[in-house]
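Enquirer: Dumping the structure here so I can ask a few things about it.
In the numbering used here, the protein residues as written are 915 to 1160.
Have a look at this one:
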């Protein structure tokens, strides 16, 4: 009997000891969140250049080229008006092709006289009134053809090739006409072996300015090319009259 009571006492003591060990743990003191540290700037990824642009617009990727037409013409608008900027530019382009057709003749043809206008007229009407055959004072006959292209050309070769072959085009800038006489561009080879051209500058002659101020430079890095509203090609071809024997 005493042994049973002794074993029971040990069992109860062991039970109390176990129950004490399995008591719910007391609530631990809150752990402080780490103090906020100063943000560390992530390394910046260099901005990728857009197509046709170099990382630094003023730094060429390859070889810089500069080309100007030989002996550009000297021409002055008879009036400082938008319409006379065009007839003067047309006179200059034709004179460069050794065709003497003066601006006052074109003013009569387009506008009915020497009127000073802020609008040079619709290009379709100008082309229609211009194209055809003309007899020059020296007896030669020439045929004129005009091509007008609105906006900025997507392919820079449309502007560069004529310069390289000594041809002058008319470029329309902010509503008036200038002569395109030169350009500067960057030429390099891409990683895929393609030839890339980045147009830097266009060199113009403004017939509405004085001789020493006529040279105008459009800077591509300054967004000047966005001023271009169109360009025109003018071609004069000499017509040879064929005489058939009677």
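Ideal placement from N, C-alpha and C gives every residue a C-beta, glycine not left out.
1) May I have a chain-ordered list of the beta strand (DSSP E) segments no shorter than 3 residues that lie completely inside the segment 1086-1128?
2) Kindly list the residues whose CB is nearer than 8 Å to the CB of residue 1141, restricted to its own chain and excluding five residues on each side of it in sequence; keep chain order.
3) Touch check for the segment 992-1007 and the segment 1089-1103: three-plus C-beta pairs under 8 Å?
4) Does the count of Cβ pairs from the segment 1027-1034 and the segment 979-997 closer than 8 Å reach three?
5) So who's on the other strand from residue 1079, going by DSSP bridges?
6) Reducing DSSP to helix, strand and coil, say where residue 1067 ends up.
7) When the distance is taken between beta carbons, is residue 1073 closer than 8 Å to residue 1060?
8) Can you tell me whether residue 1083 is buried or exposed, with buried defined as 16 or more other CB within 10 angstroms of its CB?
9) With DSSP as the reference, identify every bridge partner of residue 1013, one or two as the case may be.
10) Under a Cβ-count criterion, where at least 16 other Cβ atoms within 10 Å of its own Cβ denotes burial, should residue 1151 be classed as buried or exposed?
11) Going by the CB atoms, is the gap between residue 1041 and residue 1024 shorter than 8 Å?
12) What number of angstroms, rounded off, separates the C-alpha of residue 1007 from the C-alpha of residue 1069?
13) With distances taken from CA atoms, which of 1139, 1147 and 1153 is nearest residue 1010?
14) Keeping to the same chain, check which residues put their C-beta closer than 7 Å to that of residue 990; ignore five residues upstream and five downstream.
15) At a cut-off of 7 Å, would you count residue 1124 as near the ligand MN, judging by its Cβ distance to the nearest heavy atom?
16) With burial defined as no fewer than 16 other Cβ atoms inside 10 Å of the residue's Cβ, what is the status of residue 1136: buried or exposed?
17) Got a sec, what are the start and stop residues for the alpha helix (DSSP H) residue 988 sits in?
18) For the beta strand (DSSP E) holding residue 1147, just list the boundary residues, first then last.
19) With a cut-off of 8 Å on the beta carbons, I'd call residue 1049 and residue 1055 a contact; round off their distance for me.
20) Can you name the residues that DSSP bridges to residue 1084?
21) Note the first and the last residue of the continuous alpha helix (DSSP H) segment covering residue 1038.
22) Tell me, please, which residues DSSP counts as bridged to residue 1136.
23) Looking at the structure shown, is residue 982 part of a helix, part of a strand, or coil, going by DSSP?
24) Strictly by DSSP, which residues pair up with residue 1049?
Expert: With the given structure in hand:
1) 1090-1103 and 1109-1119
2) 1087, 1088 and 1132
3) yes
4) Contact between the segment 1027-1034 and the segment 979-997 is present, because at least three Cβ pairs lie under 8 Å.
5) Answer by DSSP bridge pairing: none, since residue 1079 is not bridged.
6) coil
7) The answer is no: Cβ separation not under 8 Å.
8) buried
9) Bridge partners of residue 1013: none, in fact.
10) Counting other Cβ atoms within 10 Å of its Cβ, residue 1151 stays below 16 and is therefore classed as exposed.
11) In this structure, residue 1024 keeps its C-beta atom at 8 Å or more from the C-beta atom of residue 1041.
12) Cα to Cα, the separation comes out at about 22 Å.
13) 1147
14) So the qualifying residues of the chain are 1002 and 1121.
15) The model on display carries no ligand, and the ligand MN is accordingly not part of it.
16) exposed
17) That residue, residue 988, is in no alpha helix (DSSP H); it is neither H nor E in DSSP.
18) Under the DSSP assignment, residue 1147 falls in the beta strand (DSSP E) whose first and last residues are 1142-1153.
19) 5 Å
20) 1093 and 1146
21) 1037-1044
22) Beta-bridge pairing links residue 1136 to no other residue.
23) DSSP places residue 982 within a strand segment (E or B) once states are collapsed to three.
24) Partner(s): 1055.
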